[in-house]
Structure formats: structure tokens, C-alpha cells
Amino acid sequence: MTSRFNPATADARWQRTWEDRQTFRASGAVGDPRPRAYVLEMFPYPSGRIHMGHVRNYTMGDVLARYRRMRGADVLHPMGWDAFGMPAENAAIEKGVHPGDWTRANIATMRAQLKRLGFALDWSRELATCEPDYYGHEQALFLDLFDAGLVYRRESEVNWDPVDATVLANEQVIDGRGWRSGALVERRKLNQWFLKITDFAEDLLEGLGALDGWPDKVRLMQENWIGKSQGLKFRFRLTAPAAGLDEVEVFTTRPDTIFGASFVAVSPDHPIALDLAARDPAAAAFIADCKARGTTAAELETAEKKGFDTGLTALHPLDPDSRLPLFIANFVLMDYGSGAVFGVPAHDARDFEFATKYSLPINRVVAAEPAAAADLVHEAETGAGVLVNSRFLDGLDVPAAKAEVIARAEAGGWGQGTTVWRLRDWGVSRQRYWGTPIPVIHCAACGPVPVPRDQLPVVLPQDVSFDQPGNPLDRAPAWSDVACPRCAAPARRETDTLDTFVNSSWYFLRFASQPSDQPFDRAEAERWLPVGQYIGGVEHAILHLLYARFWMRALQRIGRIGIAEPFTGLFTQGMVTHETYRAGDGSWLSPDEVQRDGDDWTTLADGAPVTAGRVEKMSKSKRNTIDPEPIVDQYGADAVRWFMLSDSPPERDLPWSAAGIEGAWRFIQRLWRLTQSEPGDGADPALDRKLHAGIAAVGANIEALAFNKAVASIHELANAIDKAPPSASRAAAAATLIRLVSPMAPHLAEEAWAAAGNSGLVADAAWPMVDAALLVEDQVTLALQVNGKLRDTVTAAKGVARDEMERLALASDKVRKLLGDAAPRKIVVVPDRLVNIVL
RNA sequence: GCGGACGUGGCGAAAUCGGUAGACGCAGCAGACUUAAAAUCUGCCUCUCCUUGAGAAUGCGGGUUCAAGUCCCGCCGUCCGCACCA
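If you're matching positions, the first sequence starts at -8 in the working numbering and goes up one per residue.
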């Protein structure tokens, strides 16, 4: 009998066995009687090497996949690569390697790393989005949506770096400058492709209600993102025309407050503002100043509210005597509503700040009590109340007043009740090489023409260079210059590529079904979809998950699938974090450059003092990353997996520590010793109970994805087995423990399973059955309280009568001592739990 | 700014319905084994005090209740999200 489990040899041996036997290959066969389970983790971007976040993510999914198999399911648990994206182009620019070579090399590295962790994956379905046999089908789907009228083209602004001659993502713009060139970023208008996600706004919002397998937090984030607002759109007549307009349209969610209006404001991008800027340098300067600042919601809301008085005035639609000044204001967004608002300072915090600054009237029109109608407003009051100072609206509550104003506007023809969405159509054009080519040809005569289906895939040209700024596809005439498919005249391919979020909007369908002649087979995909449990980072809570939900609905509309929601269960896991270290000069030090010296830290090199900083997400910039591979070399896959599951709840951050992985390693070895223990005779009823309580607890905790609690349950059971004297019960418990730990520590479990003389693989074994009779305790510990404070405990038979509980409580020495001669005022009895004596 | 989450020992945490706070683990301390170390095993391990016992304690301040980590009100703090990185 070997006394140690040796992952250095065992891991690879079992991984080879699983692969040889195709153990984790999903069947999906129509006649297969097993229930199907689709377990999916968000597929990785092949950035170079696996990091600890991947290890945690895939370990969680793996435990669930293995557990479901043992519970008798046909499990689909696939893996692939989200392989298009900017880092590959950055590598091409910086290192001169082709993005494809870089990406495929990374995939090879990361695939080997994942395999060393022993994940129960069906590698036969592996896919990479950068290969034509994936993105060609994506092009076909894009054209399907195009044919269905769900794709259109319009002008849209981008961040333009004039030095690198490239479009920048928002995150590449730092303080208004390009991250690489440092040049001032310009806003430039380009013709771009859009997907009509707004067509599905209502449905995407309503669908959230049924997604009870999703975290509330994610549902709320999506709800806010979609941002449904109901209100009134109406026009203010201008007293003098501007930009050829004699009225300005505004949108409000508070039409009830219309008599409280004291100004009208338009966005700096509004036609009126632009027209004025052309004639008035002061207005132009104001607009330029607004544009120099950030445009995210957070930046706009926290920035000082600023306005430019145009000198124009607007007529109030319900009060001919009222003239409202028209401002250009920095907090009005052109692409939300109509790009113009009216301001009611008394009942909107933003308007209040603005009015205070520009000395505009603050007119109360809503009051908590009608009696307070004349009170001054000292801060914006946005709560409920009744209308005051509002003519025919006086006395109505807010909802009734809203309805009344909308009704009058529609009757009078000056406005209309409207629903406005924050959700905007999805711009999918990217002016980059390393993405799915948009399958369209631009012809001077015919306009944009779809590439004929029989000419798909439109394959990216291999021979491109990154030695000049800009998109290499713009400089690849051999690829881009083609004949128009419709009129045969010289034409040019679309050189923009698709947003990489398109790639990840349907990969789960391709995993489920991968015919060569179409993106997926509907019937086969519907046998697996929706994904029962999807696991990934919360950073995808909005965009990826919303786009995938949209894509499914779009496919449903064109009849390619009969399912609207791609993921019924969603789990967002926390990050892996690590302490940070800084040298005296403030530079970051990596964990392998420092050592602990009592309570202090010093450098390994020269013993210089080190400041240990806060625990933060592992990141290259702070140098606090731990590469999983050397850890796997040293401790084996199971110890790493065990650590990933222990201690921290999976939705919370997990602080990596050297001591923690050591502890996991020691426990793996302890499990090995336990499973190798000697047989014995005789029953141990107490241990039998603990075993079955353990089986139930581990299973329930895995089902609930509470892996930290599943691990704790295994520890408890291991402790109980360790302490028990030899018996047949003990031997049986140790044997059962092998199956209980197998989803988490599969290599150890296979080794122990084989050593115990079992045939076949533990991966194929059934999850142990719980004997429900053994879960019922026949003894309970009763808490005895005096005035709500615990004073004693007493053991009694389960189901003991209430008056017997009372008698036991009053018989306790400790209770009697406190009670003295006094008679209890009241005795509270909670069956099988406690007795509380109130004095 | 708006929206949301969270706050429990030295640390990660547990406590399913309002019912014995701190399961389980890490670190630490003491001991056994050992020539020694590692590994392993045993015990201790929230704080305070007048330590055979008692008191306090789940961010702070109130409240409801026989009973509050859990429910309610008000603060404080930390973290996350708010449109083309994946």
C-alpha cells in the first residue's frame, strides 16, 4: 500500500484514461433515456496562458458537470475559444506576429493547461471563433438577420485616433487621448452596421421576470440597461425660429409637473445648438468645452451642471403668458429621448442645481399636503404628493396628473404619450482586422449587396501587414476588390469586421450542434438548449448576456430556433485576488520576490523592507498574479481544484494564499490515507448517521453551487471517520467518501477507486444514495434559556412533549439557581429546540 | 449623481423559518513522535474580568419581540454597475 497520493504520475494517467475512453463525450442521442444537462462556463479569450480566474470558473462548472453525470444525466460540458479580438492585433503591432499565429499558439498552450486540470470536458466539440468553419456560419446568420430586416446601416460617431489612424474603444481613450499615440482623440462619423436589438426591448425586459435562475443583481442591471421610461413627447413653439426650426421637441417622464417648468434645455449636439455655434463663437466654445469631457452617465451626472443661454425663448403649450428661456446644457444627451428637456427645478435634483446656478424660478407644483402649496422648495422634491399651482391639475395625485396631461396633449395635438428606451441598437462594425468579415460588398450602383451564400465563408486574407496605422483590410486590394454580385461592376468588400460579442452570442448553439453545412441543426440544438447552468464573471452581466438573449430571439423570429432564452441558470463567480507588495520606491513586487519576516515583509533579493498592500484582483500591472501551471506541477490538479472550491463562497472573491494551497494539498493526502484505511467488523450506528448526513449535505451543497459548504461537509465527514474506531461502518464510510470527493478531486478519487478494487471508473459510478431513515435524529439537544439567555442544555428524545420539556428545564440546576423562589411569568416552548423561562 | 450589494474572531467563513453565534478551514500556541526537521497525531484558540464562574460581542445608534447576525427606522464604511476590452 502506498502511503502517499502522487499526482505527478496519477494525474496524467487518469487524464489519458478519460480521453482514451471518451468518458466525457456527450451523447445527445435521441434514444438516450437519460435526462440531458447542459453545463457551460463562459469560454475563454486565448490571451496567452490560463490564469487563476479561469481555474476557478472551470473548476466550479466541472464539479457540477461531474456531479450531474453521477446523478445519471447525459451531460454536455464543452470548451472553446473566443478567439477574435484586439489583443491579437496589439501583439501583431508590437511583436510582428500574425494575429492568427499568435492566437492559435495561445490556444495550444491554454488547451494543454486546461487538460492538466482534469476537467470533464467534451473536447470533440471544441471550436475557435477565429476559424472560417465557425465565423462562416456566423456570416450566414448575419445575412439571415439582414434578410429579415434586423440589420441596417447608418452614420455613427466613433473615437478616432488621428495619429494611429484607427478607431479606439472607449477604454483606449485616456483623458481624451489615444492610449498608444497620446494624440487628442477626435469624434468622427462613419457608416456602420447596426442590429435592431431595440425591436426586442420590451420582450428582453419582460423575459427577465421568468429568469429566476439568475442572480437578482444581474436581472436588475439588465433592467436598468434596457431602461424603459414612459412619458410624454411634446413640442415647445419657439418665439423665433432657430436652425430652421420653429419648435423644439422634448421628452419627459414627469408631464404632471409641466406647470413647474422654468427653462428648456437642449443637448450640445442638438441641431439648434449646432446652428447657433456656427454663428456665435461663445456658443461654439461652450459646446467644445462640453465635448472635451466624458460622456458616460457617471461623468455627466457628477459633473457640474452648466448651461449656455441661447437668448431664444419657448412658449409654454398650456400657458400662453409663459416664456421659457432656452439653454444649451451639458447634462442633456442627444441620443436619449429627443435630445431636449424642460426643466422643473422644484422636482428634479439636476434641474434644481441648474436653476440655482442660473437664478431661474423654482415653482412648486407638487406638495405632500395641499396646505403646503405656498411653501418654498429648499431641495428638489421628487416624492409623491398632490398637484398644486397647476390650474386644472390641482388636487390630482402624480399618476393621475401624468395621465391627464398626456390625454390633453394627445387631444390637443401638441404631444403624445410615448415609451422611451435607454437601450440603443447594437453597433457591430469594428474597423479592425481580427474579426469576422462582414459579408457585404459595396457597389457604386447597387449599394451594399450581401455576399451570395454559396460564396461564404468570406475568409480573412492571411497576407496582411500591421506596419502601417489603420485597418489592414483597407490595404488589401487583392481581397477587397471584387465584382458586384448583382451587376458585376467593380465593387469593394466591406472592410469592417463584426464586434466580437457577435461571436459569443451563439457559440453555445454551435457547441450543441455542429453540422458542416449550417450553423446548427434546430432539432439537435433544441434537445440541449437552454443551457441549464451558465457560469462566468459578473463583468459579462450586461453586454454579453443581453446580446446572447437578443440573438436567440432574433433566431426565433426568423424560425431557426424555438427557444427565446439561452441560459435558464446563471451563476456569476467572484474573482481570485492576492495581496499586493510594494518596494520602498513604490514599484510593485511579485509574490515570488518577497518573503515574510515575522509580521513584516522583505525582498528575497536583498532583504529591503516591503509594504504589503491590500488584497486585490490579480492583475499584471500590480504584479500580484499567480501562474497556475507551476502550482499544478508542485501540488497536482486536485489540490488546486480543492483550494478553488474551499472557504470563500463562490460568488465572492477568493484570496489566493500559499498557506491555503498547502492546506488543500495536506487534505488531499489525508483523504488518500482515509480511503486506504483498514477494514473492520461490526456496525457503528453513529458513524452511519454521519455518513448519510454527509452524503445529503454534499449533494445539496453542490446542487446549490455552495462549493465551500460542500467542502466543509466533506471535512466534517472526514473528521468523523478519522475519529471512529475500526468497524464495517467505518470501512463503508471511507469507501463512500471516494465517490463524494470525486467531483472535486477526480484524480485522487480514480486512484482510490481503483486501489479499492472497483472495476470501471469512479467518474462513471453512481452518486451514493441517501438512506433517509438515517437522517432522522432520535435525540435532540434542547437549549434552556432564562430571559432569552442560554443557561444550560439538556438532551432529550426527539418529539418530547411540551410539558416534559418544561419539566426538564425547571429541573436544571443552573436554571433553578437563577429562578430562586420566583415563579416564572411565562414559559416559551419551541418543540425539539428550546425552552425560554421569562421572569 | 443614480442604481445595487456587502459589513460576523488574527484571516477565509458558517448559522435553510426570528430560536444554543463562530460549523469547517487557514494562521497561531502547547504537547506527542523524531538525533533533528518535515509529515503526522493530541489539545487550546472571539474579547474582557474579580477565571470552579460571570459579563460583553455579528459596523454604529434606536425599535419590534419571550427571543434579533436574521425583521423595521436612521447613520457610517467598503465594493460593484451605469454602451463598442474580453
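Cβ coordinates follow ideal geometry from the N, Cα and C atoms, glycine included. Keep in mind that this is a model prediction, so the values were computed, not measured.
8 Å CB neighbourhood of residue i in its chain, flanking five on each side removed
i: Thr409; result: Gln221, Gly222, Leu223, Lys224, Phe242
i: Arg824; result: Val771, Leu773, Ala774
i: Gly673; result: Ser718, Ala719, Ser720
i: Val732; result: Leu662, Ile705, Leu739, Ala740
i: Gly44; result: Gly528, Met566, Val567, Met609
i: Ala747; result: Thr666, Ala726, Ile729
i: Gly651; result: Phe634, Ser637, Asp638
Cβ-based neighbour list, residue i, same chain, cut-off 7 Å, excluding 5 preceding and 5 following
i: Thr784; result: Thr772, Leu773, Ala774, Leu775
i: Pro246; result: Gly222, Leu223, Lys393, Val396, Ile397
i: His389; result: Looking at the sequence shown, residue 389 is not His but Val. Within the same chain, Val389 has close Cβ partners Asp247, Val357, Ala375, Gly376.
i: Pro476; result: Ile432, Val440, Val442, Pro443
i: Thr94; result: Pro37, Ala74, Ala79, Cys121
i: Asp490; result: Val419, Arg421
i: Arg680; result: Leu765
Burial state of residue i, where buried means 16 or more other Cβ atoms lie within 10 Å
i: Ala715; result: buried
i: His369; result: exposed
i: Glu669; result: exposed
i: Arg178; result: exposed
i: Arg444; result: exposed
i: Asp342; result: buried
i: Gln446; result: exposed
i: Met(-8); result: Because Met(-8) carries a pLDDT of 43, less than 50, the predicted location of this residue cannot be relied on, and the following value inherits that uncertainty. Classification for Met(-8): exposed.
i: Asp843; result: Residue 843 lies beyond the range of the chain shown here (-8 to 830); nothing can be said about it.
i: Pro621; result: exposed
i: Thr616; result: buried
i: Cys281; result: buried
i: Ala596; result: exposed
i: Ala434; result: The sequence as given places Cys at residue 434; Ala does not occur at that position. Counting Cβ neighbours within 10 Å, Cys434 comes out buried, since at least 16 surround it.
i: Ile165; result: exposed
i: Met760; result: exposed
N-terminal and C-terminal residue of the alpha helix (DSSP H) that residue i is part of
i: Leu414; result: That residue, Leu414, is in no alpha helix (DSSP H); it is neither H nor E in DSSP.
i: Pro621; result: 619 to 626
i: Pro90; result: 90 to 106
i: Glu845; result: Because the chain in this structure spans residues -8 to 830, residue 845 falls outside the shown range and cannot be described.
i: Gln564; result: Run containing Gln564: none in the alpha helix (DSSP H); it sits in the beta strand (DSSP E), 561 to 564.
i: Val209; result: 207 to 217
i: Leu739; result: 737 to 746
i: Lys297; result: It is not in any alpha helix (DSSP H) - Lys297 carries neither H nor E in the DSSP assignment.
i: Leu136; result: 123 to 138
For residue i, the residue or residues it bridges with in DSSP
i: Phe227; result: Val239
i: Ser147; result: Leu181
i: Thr594; result: Val585
i: His433; result: Pro439, Arg483
i: Ala256; result: Phe318, Val332
i: His531; result: Paired residue(s): none; His531 is not in a bridge.
i: Thr427; result: Leu489
i: Lys808; result: BP columns for Lys808 are empty, so no partner.
i: Gly607; result: In the sequence as displayed, the identity of residue 607 is Glu instead of Gly. Answer is His569.
i: Asp310; result: His307
i: Pro600; result: Thr593
i: Ser420; result: Leu489
i: Ile165; result: Arg168
Beta-carbon contacts of residue i that lie in its chain and below 6 Å, excluding the five residues immediately before and after
i: Ala305; result: Phe227, Leu229, Val255, Leu315, Leu317
i: Asp11; result: none
i: Gly109; result: Gln6, Ala628, Pro737, His738
i: Ala56; result: Val30, Val66, His68, Ala111
i: Trp470; result: Pro452
i: Glu485; result: Ile429, Val431
Residue range of the unbroken beta strand (DSSP E) whose run includes residue i
i: Tyr572; result: 567 to 573
i: Arg477; result: Where Arg477 is concerned, there is no enclosing beta strand (DSSP E), given that its DSSP letter is neither H nor E.
i: Glu32; result: 27 to 32
**OP:** Entirely within the segment 346 to 411 and at least 4 residues each: give me those alpha helix (DSSP H) ranges in chain order.
**Re:** 389 to 403
| Length at least 3, wholly inside the segment 762 to 805: the beta strand (DSSP E) runs in chain order | 770 to 777, 780 to 788
TODO: Pick out the complete alpha helix (DSSP H) segments inside the segment 675 to 718, 4 residues or longer, and give them in chain order.
DONE: 676 to 694, 698 to 714
query: What runs of the beta strand (DSSP E), each 3 residues or longer, lie entirely inside the segment 39 to 80?
result: 65 to 67
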